[in-house]
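The sequence shown begins at 8 in the working numbering and counts up one residue at a time. The beta carbon of each residue, even a glycine, is placed where N, CA and C say it ideally should be. Here the structure is a predicted model, which means the values were calculated and not measured. Down below is the structure, laid out as structure tokens.
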Amino acid sequence: MLDHLSGGRAAWNVVTSTEDSEAQNFGLEKQRERGNRYALADEFLKVVFGLWDTWEDDALVLNRETNVVIDPSKVHPLNHEGEHFRVRGPLNLPRPPQGYPVIAQAGSSDQGRDFAARWTELIFTPQPVLKGAQAFYQDIKSRAERVGRNPDEVKVMPGALIIVGESEGIAREKEDLLRSLIGLKSPQALLSSMLERDLSQVPSNALAKEVLASREVQGMQGHVDALAQIAEAENLTIAQLAERFSHSLTFARFAGSPKQVADQIEAWFRAEACDGFIIRPSYLPGSMEEFVCLVVPELQKRGLFREEYEGRTLRDHLGLKRPERGSWVERAPMAHSEPLRKVSA
Numbered sequence: 008m009l010d011h012l013s014g015g016r017a018a019w020n021v022v023t024s025t026e027d028s029e030a031q032n033f034g035l036e037k038q039r040e041r042g043n044r045y046a047l048a049d050e051f052l053k054v055v056f057g058l059w060d061t062w063e064d065d066a067l068v069l070n071r072e073t074n075v076v077i078d079p080s081k082v083h084p085l086n087h088e089g090e091h092f093r094v095r096g097p098l099n100l101p102r103p104p105q106g107y108p109v110i111a112q113a114g115s116s117d118q119g120r121d122f123a124a125r126w127t128e129l130i131f132t133p134q135p136v137l138k139g140a141q142a143f144y145q146d147i148k149s150r151a152e153r154v155g156r157n158p159d160e161v162k163v164m165p166g167a168l169i170i171v172g173e174s175e176g177i178a179r180e181k182e183d184l185l186r187s188l189i190g191l192k193s194p195q196a197l198l199s200s201m202l203e204r205d206l207s208q209v210p211s212n213a214l215a216k217e218v219l220a221s222r223e224v225q226g227m228q229g230h231v232d233a234l235a236q237i238a239e240a241e242n243l244t245i246a247q248l249a250e251r252f253s254h255s256l257t258f259a260r261f262a263g264s265p266k267q268v269a270d271q272i273e274a275w276f277r278a279e280a281c282d283g284f285i286i287r288p289s290y291l292p293g294s295m296e297e298f299v300c301l302v303v304p305e306l307q308k309r310g311l312f313r314e315e316y317e318g319r320t321l322r323d324h325l326g327l328k329r330p331e332r333g334s335w336v337e338r339a340p341m342a343h344s345e346p347l348r349k350v351s352a
């Protein structure tokens with residue numbers, strides 16, 4: 008519905024969730040294991056894509072002269088029967104303006120990467136270190152190709168925290184001010200929550216990479232991996248890692264003058280570490296306006312950012328073509344996934 012109302016500007020961020028409290032809102036006592044969550048999500052996506060495809064593109068006639076609104080021969084049942092869902096269909100809406108809304112996802116575990124390569128077009132990822140971002144980028148593109156997709160149709164977008172000033176000095180002053188606003192106990196508590204481990208008994212000078220290697224560490228795999236990259240690259244203690252995490256989480260951090268920030272963005276793009284970035288505000292309000300007014304013009308000078316919109320839909324803006332009905336069916340299945348079936352013609 009949102010894709011229709013917005014004229015084709017909708018995206019869907021598919022989240023399998025991690026918390027027991029989330030599962031308890033859907034009739035479960037606790038969250039499923041990661042592998043089971045992705046198996047459920049895989050079937051759910053089959054159902055949703057199948058429902059979008061129950062209408063052919065020209066099923067909506069809207070002919071006032073003949074009083075024909077819909078051609079019923081071009082609307083089909085789904086009749087999905089799977090392990091988790093039984094859905095008859097058809098959908099009560101025509102096929103979306105974009106064919107399918109842009110599918111986004113943020114999984115970084117092995118199962119999450121397989122899921123992303125099969126289903127998504129926009130991948131959010133915490134990648135704080137260039138080398139790790141390059142490895143993730145190449146891995147996702149390779150997985151997409153293995154399931155029969157064009158790797159260029161899977162966009163990798165790391166998060167980036169931006170601190171920009173009219174000069175490098177002003178940017179550093181902003182960075183120092185933001186750090187000063189963090190309470191002494193807040194970093195440790197925040198990192199403990201992310202790792203699902205109480206760090207209050209861990210010596211502050213313990214090497215972070217050794218703490219992260221402990222079996223006691225849980226948490227979301229992608230963020231734990233990103234923290235391990237930071238700890239290794241910067242040889243941080245657990246206290247230093249907590250402080251680093253408290254002001255930039257697990258995202259890349261670009262700070263400096265407009266030219267310096269643009270240099271860092273360009274370096275990642277040229278090094279095939281990303282297709283773009285999800286810009287994370289360092290503070291609100293204000294930091295997003297600074298990015299648009301100071302950094303975007305510098306990127307435009309370099310031919311790295313558009314100067315006008317290239318179409319009317321979100322797919323157009325991302326350089327993604329409108330998918331044909333049923334195009335997803337030919338993709339190779341995930342491990343332990345049922346084969347895909349075409350919707351009736």
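Residue of the options minimising C-alpha distance to residue i
i	options	result
N212	I245, E50, G106, L185	I245
Q112	E317, V171, E128, E160	E128
G172	E297, A18, N242	E297
M201	L188, E217, M227, G176	M227
R102	T61, F131, P340	T61
H11	A269, N99, R93	N99
D270	E305, V299, I237, F252	E305
E90	L47, K308, V218	L47
A66	T73, G57, K81	K81
L198	V218, P265, S187	V218
T132	W126, Q145, S115, R125	S115
A4	V303, S294, G57, G333	Because the chain here runs from 8 to 352, residue 4 falls outside it and cannot be looked at.
Q105	I237, E88, D64	D64
V268	I130, A196, C300	C300
S264	L243, Q236, E239, E180	E180
A17	E88, L321, P340	L321
A215	A238, S221, F51	A238
F276	F56, Y144, D49, R71	Y144
R186	M8, E273, R332, Q247	Q247
E203	T25, I130, E182, R287	T25
V154	R309, A124, V161	A124
F51	T23, I272, E29, L206	T23
A262	P340, D49, I130, S174	S174
G139	A235, G310, R156, H87	A235
L58	E337, S149, R338, G333	G333
W19	W126, R319, G310, L243	W126
W335	F56, D49, I272	F56
F266	Q307, I286, L243, E241	According to the sequence shown, residue 266 is Lys rather than Phe. Cα-wise, what sits closest to K266 is Q307.
I272	G14, N242, L243, V303	V303
D159	I130, G176, L184, E182	I130
A274	R338, V68, L311, L243	L311
S13	R319, E331, P340	R319
H83	F92, S221, P97	P97
E88	T73, V54, L69, R44	V54
Residues sharing a beta bridge with residue i, DSSP
i	result
V94	H87
N70	V75
L129	A111, K162
W19	I110
P288	I169
R260	L168
V303	Per DSSP, none; premise fails for V303.
W62	V82
T25	The partner list for T25 (beta bridge, DSSP) is empty, contrary to what the question assumes.
T244	L214
Supposed contact pair residue j and residue i - C-beta distance, whole angstroms, cut 8 angstroms
i	j	result
D27	V163	With a Cβ gap of about 30 angstroms, D27 and V163 do not count as contacting.
Q141	A278	6 angstroms
S253	I189	5 angstroms
P210	E250	P210 to E250, Cβ: 15 angstroms. No contact.
L137	A280	6 angstroms
D323	E314	That belief does not hold up - the Cβ atoms of D323 and E314 are roughly 15 angstroms apart, past 8 angstroms.
R95	L85	6 angstroms
Interface flag, residue i vs chain D, CB-CB below 9 angstroms
i	result
D27	You won't find chain D in this structure, because it holds only one protein chain.
Inset, instruction - Kindly confirm or deny that the segment 159-175 and the segment 251-265 touch, where touching means at least three C-beta pairs closer than 8 angstroms. - result: Touching, per the Cβ criterion.
Legend entry - Inter-stretch contact at 8 angstroms, needing at least 3 Cβ pairs: the segment 99-119 / the segment 322-332: yes
Inset, instruction - Would you check if there are 3 or more beta carbon pairs closer than 8 angstroms linking the segment 119-138 to the segment 229-241? - result: Because the criterion of three Cβ pairs below 8 angstroms is met, the segment 119-138 and the segment 229-241 touch.
Legend entry - At least 3 beta-carbon pairs within less than 8 angstroms: the segment 31-44 vs the segment 70-81: no
Inset, instruction - Tell me the start and end of each unbroken alpha helix (DSSP H) in the segment 197-237 that is at least 4 residues and wholly inside, in chain order. - result: 215-219
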